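Novice: Structure below; questions to follow.
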DNA sequence: CTGAAAGCGCTTACAG
DNA sequence: CTGAAAGCGCTTACAG
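Residue numbers (my numbering), protein chains in the order written: chain A, 127 to 459; chain B, 127 to 459.
Written as structure tokens, this is what we have:
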């Protein structure tokens, strides 16, 4: 079906090796034969098989991107950054959702490894730190985004200062006079390990406020608007004394706002909500969401940049890339 | 580095071919040797190279997904449907943005073909109809989504009734008493060929209303909130007599609403806006957007289903899959 | 039930 | 400046 290098060689009356040389721009070749081969390539519409090349070079020019849920605008904007930077660098990208589930994540990881991607970018579950390190040791480099894992060769970190973002959010609520502040923490990862929860606690403690474990809600496998709605309903009805929440992300926050409107609690007057991520729509909803801004597009780009550096220089270790966050004060708190 | 079939063969004292047989579950093998090989596979943590297999089978177990812009929630929800259906079917998926640009689209198409994907799902530019058909003839099957291309072997269609959606939207505007209705048509594709524009015209004509070309705005390479904002500003200032618009999609509609609020035009009282797609956030913004609903997740799933059918049965032709749309009446019109 | 040979489409040393 | 041989890690007929 597809034209092969052998056919190009015949067509231009040279050896297959010579064709390989002009395709890869390597080695001295007389300009004349080069032109002859180029002409044959054009005439036959020859395109070299990356598969065959990869079998010998062990490079596929592909990378993997494993994230929680592409339907979350946070991740889709990150993905945009990844794709925009990967293409000029010569990489095509595989996409997988983990649904924030450790097992699905590992499954995706090995599934992509089976296709011999050159490396991957991953927003991993905390639970998988050791498994990812074992994977890196045996297979390929990984760029880990927004998880503060201990340094490990072959694994580079790209980090927003999530904990600081959480502190900013909670301090803002405190400055507004709130003293009974809850958290909608999303999926039930080990709480003590989540940066957002740590920042939340730190800020409360710093201001002499109580950390009430019952006011920190988790428990659902999903992190989306529906979950935010559920969790907020539960918090509002079971702990009516709570007057403000810090949400795991903007989707959860949006669900919380919906729950408030159904339960007749006005935002922000009766109940204040702060989100995280600053997705594009955060500023358009009613009321516009106060949230912690992350530059998602840059995050995606930086992750690719770092991965490419690792692929180009496998022996080196690379320090974490640190990106800042910023509180966006709007109307929901 | 990675364990090979040869090593498994040595470890279990059989030929490489026998290992291949147990890996692929084919042919009669004595249960005893099967167990022995299985044990060796487990012990060595052997994972067969899809690359090497693909070189001979001509199947990579990968598919491509080419869409306008993954950062648009319409596409990211479609992508969710695609991924969720592709994984159980045994396919990993490459993702590419076209930015609605014919050249980038063709570039993405061939780039993925170079990786020998088994097939692709594409939301193509109208301009590329012939090029896609030429591609299909030479390379691989394609599922085309939401473009009414003429039937062609190897190319299957999955379609929402976009034109009907456009009619629904405009008829609703007419029913509300609007007579000067404009359109924010997004990217400048050939207008006469766009389903949304056709439906827009049809509805106006059916109600004896004028189609004023100056009220149909296009011209930007992007289809996003910023573009909707610009275009709406232009329409509102240059043609103040227009009292309603039908937007190419919800992002454009959201930009239009922002422009209205800046120019002091209240929505829907002074100016009505109808969107398209019904992205998740359409109902949460202020005012909640009246828009045409598409079941995006199902769309993605159906596209994969059709592609898999084509791959399993390359000789057959498959009729278009038709999915419905629905007008969601909220507050912006 | 099991194996030896050929080949998928390329690149990598090695010659000349 | 150009080419013949070997091999990347598998599967596909073909034998036995």
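We treat Cβ as the ideally placed atom computed from N, Cα and C, and that holds for glycine.
All of these numbers come straight from a predicted model, not from anything done at the bench.
With a floor of 4 residues, list each alpha helix (DSSP H) that falls wholly inside the region 357-390 of chain A, ordered by position along the chain.
Specialist: Counting only runs of 4 or more, we get 376-389.
Novice: What residues of chain B sit near residue 199(A), judged by a beta carbon separation below 9 Å?
Specialist: Chain B residues near residue 199(A): 197, 199, 202, 406, 407.
Novice: Residue 305(A) and residue 343(A): beta carbons closer than 9 Å?
Specialist: Not in contact: residue 305(A) and residue 343(A) (Cβ atoms no closer than 9 Å).
Novice: Can you give the Cα-Cα distance for residue 143(A) and residue 167(A), rounded to whole angstroms?
Specialist: Cα to Cα, residue 143(A) sits roughly 14 Å from residue 167(A).
Novice: Give me the Cβ distance between residue 311(B) and residue 374(B), rounded to the nearest whole Å; I'm assuming they're in contact under 8 Å.
Specialist: Yes, residue 311(B) and residue 374(B) are in contact; Cβ-Cβ is about 5 Å, under 8 Å.
Novice: Please state whether DSSP places residue 173(B) in a helix, a strand or coil.
Specialist: Coil, per DSSP.
Novice: Which chain A residues sit within Cβ distance under 9 Å of residue 410(B)?
Specialist: Result: 351, 380, 383, 384, 407, 410, 411, 412.
Novice: Sort out for me which residues DSSP pairs residue 262(B) with in a bridge.
Specialist: None, per the DSSP bridge assignment.
Novice: What does the Cβ neighbour count give for residue 455(A), buried or exposed, with the cut at 16 atoms within 10 Å?
Specialist: It counts as exposed.
Novice: Taking 9 Å as the CB-CB cut-off, is residue 223(B) touching chain A?
Specialist: Answer yes: the Cβ-Cβ gap between residue 223(B) and chain A drops below 9 Å somewhere.
Novice: Roughly how many whole angstroms lie between the Cα atoms of residue 391(B) and residue 295(B)?
Specialist: Looking at the two C-alpha atoms, the distance is approximately 21 Å.
Novice: Can you give me the C-alpha to C-alpha distance between residue 228(B) and residue 330(B), rounded to a whole angstrom?
Specialist: Between residue 228(B) and residue 330(B), the C-alpha separation is close to 30 Å.
Novice: Any heavy atom of the ligand HEM closer than 8 Å to the Cβ of residue 140(B)?
Specialist: For the ligand HEM, the structure offers nothing, since it holds no ligand at all.
Novice: Helix, strand or coil, according to DSSP, for residue 416(B) in the structure here?
Specialist: In the structure shown, residue 416(B) sits in a strand (DSSP, three-state: E or B).
Novice: Measuring straight from C-alpha to C-alpha, what distance separates residue 281(B) and residue 252(B)?
Specialist: Those two C-alpha atoms are separated by around 15 Å.
Novice: Report yes if the CB atom of residue 446(A) is closer than 9 Å to the CB atom of residue 285(A), and no otherwise.
Specialist: Yes, these two residues count as a Cβ contact at 9 Å.
Novice: Say whether chain A places a C-beta atom closer than 9 Å to the C-beta of residue 219(B).
Specialist: True, the Cβ-Cβ gap to chain A drops below 9 Å.
Novice: Roughly how many whole angstroms lie between the Cα atoms of residue 410(A) and residue 324(A)?
Specialist: When rounded, the distance between both Cα atoms is 29 Å.
Novice: Can you check DSSP and say which residues form a bridge with residue 269(B)?
Specialist: 247(B), 282(B).
Novice: Quick check: the region 392-401 of chain B against the region 409-426 of chain B, are there 3 or more CB pairs under 8 Å?
Specialist: Touching, yes.
Novice: For residue 190(B) versus residue 220(B), is the C-beta distance shorter than 9 Å?
Specialist: In contact: residue 190(B) and residue 220(B) (Cβ atoms closer than 9 Å).
Novice: Roughly how many angstroms lie between the CA atoms of residue 349(A) and residue 263(A), to the nearest whole one?
Specialist: Their Cα atoms are separated by approximately 31 Å.
Novice: Do the region 426-443 of chain B and the region 190-207 of chain B meet, that is, are 3 or more Cβ pairs less than 8 Å apart?
Specialist: The region 426-443 of chain B, when compared against the region 190-207 of chain B, does touch it at the 8 Å Cβ threshold.
Novice: Would you mind sorting residue 236(B) into buried or exposed? The rule is 16 or more other CB atoms within 10 Å of its CB.
Specialist: Per the 10 Å Cβ criterion, exposed.
Novice: Among 279(B), 185(B), 382(B), which one has its Cα closest to the Cα of residue 363(B)?
Specialist: Checked all of 279(B), 185(B), 382(B); the closest Cα to residue 363(B) is 382(B).
Novice: In terms of residue numbering, what span does the beta strand (DSSP E) encompassing residue 310(B) cover?
Specialist: Segment 307-310, the beta strand (DSSP E) holding residue 310(B).
Novice: Assuming residue 173(B) and residue 138(B) are in contact, meaning their beta carbons sit under 8 Å apart, how far apart are those beta carbons, in whole angstroms?
Specialist: The Cβ separation is near 16 Å, so there is no contact.
Novice: Around the C-beta of residue 366(A), are 16 or more other C-beta atoms found within 10 angstroms, so that it is buried, or is it exposed?
Specialist: So residue 366(A) counts as exposed.
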